[in-house]
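Visitor: Below: one structure in structure tokens.
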Amino acid sequence: MEKAEKRWLYVLIIVFVIVNVVTLSSLIPWQSWQLWQNPEPAQVVKVAYNDYTITMDTPVQIKAGEFVQFSATSADVTYGFGVFREDNSIVFQMQVLPGRENQIIWKFDETGTFDVRSTEYSGPKHSDMVVRDAIVVK
Ligand SMILES: [Cu+2]
35 MEKAEKRWLY VLIIVFVIVN VVTLSSLIPW QSWQLWQNPE PAQVVKVAYN DYTITMDTPV
95 QIKAGEFVQF SATSADVTYG FGVFREDNSI VFQMQVLPGR ENQIIWKFDE TGTFDVRSTE
155 YSGPKHSDMV VRDAIVVK
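If you're matching positions, the sequence shown starts at 35 in our numbering and goes up one per residue.
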């Protein structure tokens with residue numbers, strides 16, 4: 035490796051380290067919480083998938099700004115857990131793999147009523163997998 039190449043490599047390594055330190059730092063105002071903070075959810079919402087049906091106690095009542103954990107299980111195939119606004123835009127989604135507890139912790143910044151849909155194509159009945167007005171955030 036030539037000297038100029040080595041110098042360029044060191045510059046790239048330094049840029050990599052600086053960018054990572056800055057963007058992961060809690061000193062940055064937009065970093066209100068981080069992955070490794072492991073927030074304590076105010077409630078845990080269980081969601082069960084089986085035979086192209088989503089089962090959950092609805093409507094789930096959530097306060098805006100609180101952490102809520104969604105815990106989804108599938109008894110057969112892979113599904114998706116997707117939360118959608120009333121205008122059908124997506125808030126977030128995760129895959130629901132069979133044979134494990136699939137968890138996501140979310141903080142709703144906005145109030146409103148949300149639908150839950152399967153976001154993973156799971157078979158011919160997939161498009162019917164909608165729970166309307168499943169979540170109400172106040
Ligand atoms: Cu599906």
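Just so you know, even glycine gets a beta-carbon here, dropped at the ideal spot from N, CA and C.
Computed from a predicted structure; not experimentally measured.
1) With three or more beta-carbon pairs closer than 8 angstroms as the criterion, would you say the stretch 56–64 touches the stretch 121–137?
2) Taking three-plus beta-carbon pairs below 8 angstroms as touching, is the stretch 155–169 in contact with the stretch 80–94?
3) Since D143 and A98 should fall inside the 8 angstroms C-beta cutoff, what is the C-beta to C-beta distance between them, to a whole number of angstroms?
4) Would you mind reading off the limits of the beta strand (DSSP E) that contains Y83?
5) In this structure, how does DSSP classify I48 when only helix, strand and coil are distinguished?
Guide: Taking the definition as stated:
1) no
2) yes
3) 7 angstroms
4) 77–84
5) helix
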